[in-house]
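What follows is a set of notes on a single structure, which appears directly below.
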Amino acid sequence: MEAEQESGVGASLPRDGSLDRHGKPALKGSTGGWRWGMLLLAILGLVTLSYVGVEVNMVLFSKSVLRQTNAEAANTFSQWMGTAYLFSLMGAFISDSYLRRYLCRIPSCPRYWVSSIIILNFLLKPHGCGPLEVLCEPHAPIEVAVFYISIYLIAFGNGAPEPALATFGADQFDEEDPKEKQYKKSFYSYFYVAINLGSLVAETVLVYIDNMGYWFVGFWICVACAVVAYLLLLSGTFRYRHFKPSDFLIALPLPPHGHDRSGRPRPAPNPWHLCTITQVEVKCILRLLPIWFCTLLPSGVFIQLLSLFVEQGAAMDKTISKFYIPPASMTAFDIISSSAFILSYDSLILPSIMKVTRRKPKPLGKLQRIGIGLIVPPQYIPLGASEALVDVAQMQFFASQTPDALTSLGISLSMPSTAIGSYNTV
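Heads up, the sequence shown is in our numbering, so the first residue is 50 and it goes up one at a time.
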């Protein structure tokens, strides 16, 4: 009888060592799983809508409100995007080494609110800010400086905790449970779909509002979405699964040097033979760098989608009959194609291959998908399929090749590659 009770209790506990909010072993029935994973996906969609609402209009905003040239606007956007993705590496390090992933996310939303409100006050002062073709009156240098400070605070508020949110969502599934392990793999794909859905709304509805000259309304919608996402995050505080922070890079001691009998220095023992757990974790990160360097090229291509391609759209005839199509909304084709590719890969593409070949195909590996994504021609629909192959596989690969305690840092490696790709386009 006691054995049955113990087995029942053991079956209700995740085997991956996850904890509840109070630091005690989490219970499967009341924490984690798809219920709270879906909540985090909804939060991600709202956060993405809020952030992309600022991001996708940055080039056109710089041209209309700041009166910048095409080259200056593209450089402003590329530098801002690059900095936002570099912040993600810092946020991943902090969340894995010092704070829990949940705590890393908590302070980010208030920073975003403050930054957005600063921009709103900035927008209240200039006069003549109407539709896209109408330039605003020039601004004083101090006003432009305040604007730049606020957008970089937004980059910090969103970029730093982004990899922690991806890993925190995956933490809601027990990797030692075969069923939940499969759910965890699916979560990364749905994570990318949630990003795309939030981006789709931002790049259609918000872009249309902003391009009609209602910049103030568009930014208020972004702030409202961020507030709702923050409240939803707090609503599940006692239902999430957590992991303890790692000791990675908190203190890496130098190899000890000894002395022989004559007093001469003796070389340190080879640290690549017998290693501490911390040193093993460092090696796990270092061996991913060659793959990371390979992702720099597509990142430079993807960043053109929101800068050069938007400027191309602005130079086109943007009306069909009496309907006006905002230039930034053209990137919706990329979002639709990448989301459709992700959703149809397992349900349509693989079954079709099985019917043609009459055998079960071997699933493409993570590195194979990254490789295929490198050769797909880049423009909108093909670019969407390329993003689906590269970005999702990149996230899954880095997450699978790093220790459990460093998953945020592993996922964040895909973001500095985008940062360098952004800086290379300047």
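Ideal Cβ placement from N, Cα and C applies to all residues, glycine included.
| query | result |
| --- | --- |
| Of the choices Phe446, Tyr100, Ser67, whose alpha-carbon is the least far from that of Val256? | Tyr100 |
| Could you tell me the distance, in whole angstroms, from the CA atom of Pro63 to the CA atom of Glu252? | 40 Å |
| Going by CA-CA distance only, name the one from Val242, Ser396, Glu186 that's closest to Leu95. | Val242 |
| Here's the rule: buried if 16 or more other CB atoms are within 10 angstroms of the residue's CB, otherwise exposed. What is Val103? | buried |
| Mind reading off the beta-carbon distance from Ile92 to Ala278? Whole number of angstroms is fine, and I expect it under 8 Å. | 5 Å |
| Going residue by residue through the segment 65-142, where are the continuous alpha helix (DSSP H) segments of at least 4 residues, counting only ones entirely within it? | 83-104, 107-113 |
| Three-state secondary structure (DSSP) at Thr286? | coil |
| Using the C-alpha atoms, what's the distance from Lys77 back to Ser61? | 5 Å |
| Quick one: what's His291 bridged to in DSSP? | Leu68 |
| With distances taken Cα to Cα, identify the nearest neighbour of Lys332 among Glu229, Gln445, Gln450, Ala215. | Gln450 |
| Report buried or exposed for Gly72, applying the criterion of at least 16 other Cβ atoms within 10 angstroms of its Cβ. | exposed |
| Give the DSSP bridge partners of Phe372, in chain order. | Ile369 |
| Helix, strand or coil for Gly247 per DSSP? | helix |
| Counting pairs of beta carbons, one from the segment 188-204 and one from the segment 219-232, are three or more of them closer than 8 Å? | no |
| Would you call the segment 260-273 and the segment 106-118 in contact, with 3 or more CB pairs under 8 Å? | yes |
| With DSSP as the reference, label Gly267 as helix, strand or coil. | helix |
| Which value, in whole angstroms, describes the spacing of the CA atoms of Leu282 and Leu88? | 8 Å |
| What do you reckon, is the C-beta of Val114 under 6 Å from a heavy atom of the ligand ZN? | This structure lacks the ligand ZN, and indeed carries no ligand of any kind. |
| Starting from the C-beta of Val250, find all residues in its chain whose C-beta is less than 7 Å away, skip the five residues before and the five after it, and write them out in chain order. | Leu98 |
| Could you tell me if Asp223 is buried or exposed, where buried requires 16 or more neighbouring beta carbons within 10 angstroms of its beta carbon? | buried |
| Rounding to the nearest angstrom, what Cα-Cα distance links Val425 and Lys293 in this structure? | Note on Val425: pLDDT 47, under 50, position unreliable in the model; the coordinate value appears next. Computed Cα separation, rounded: 40 Å. |
| Measure the C-alpha to C-alpha separation of Phe446 and Ser370 and round it to an integer number of angstroms. | 46 Å |
| Between the beta-carbon of Ser236 and the beta-carbon of Gly247, is there less than 7 Å? | Per the sequence shown, the amino acid found at residue 236 is Phe instead of Ser. No, the pair does not count as a contact, with Cβ atoms beyond the cut-off. |
| Please classify Ser127 as buried or exposed, where buried requires at least 16 neighbouring CB atoms within 10 angstroms. | buried |
| In the DSSP assignment, the alpha helix (DSSP H) including Tyr257 goes from what residue to what residue? | 256-260 |
| Cutting at 6 Å between CB atoms, please list the residues of its own chain near Asp65, excluding the five before and the five after it. | Asp223, Glu224, Glu225 |
| Under the three-state reduction of DSSP, which class applies to Asp478: helix, strand or coil? | The requested residue 478 does not occur in the structure, where the chain is confined to residues 50 to 475. |
| Tell me whether Cys185 sits in a helix, a strand or coil according to DSSP, three-state version. | coil |
| Could you tell me the alpha carbon to alpha carbon distance between Ser396 and Tyr373, rounded to whole angstroms? | 36 Å |
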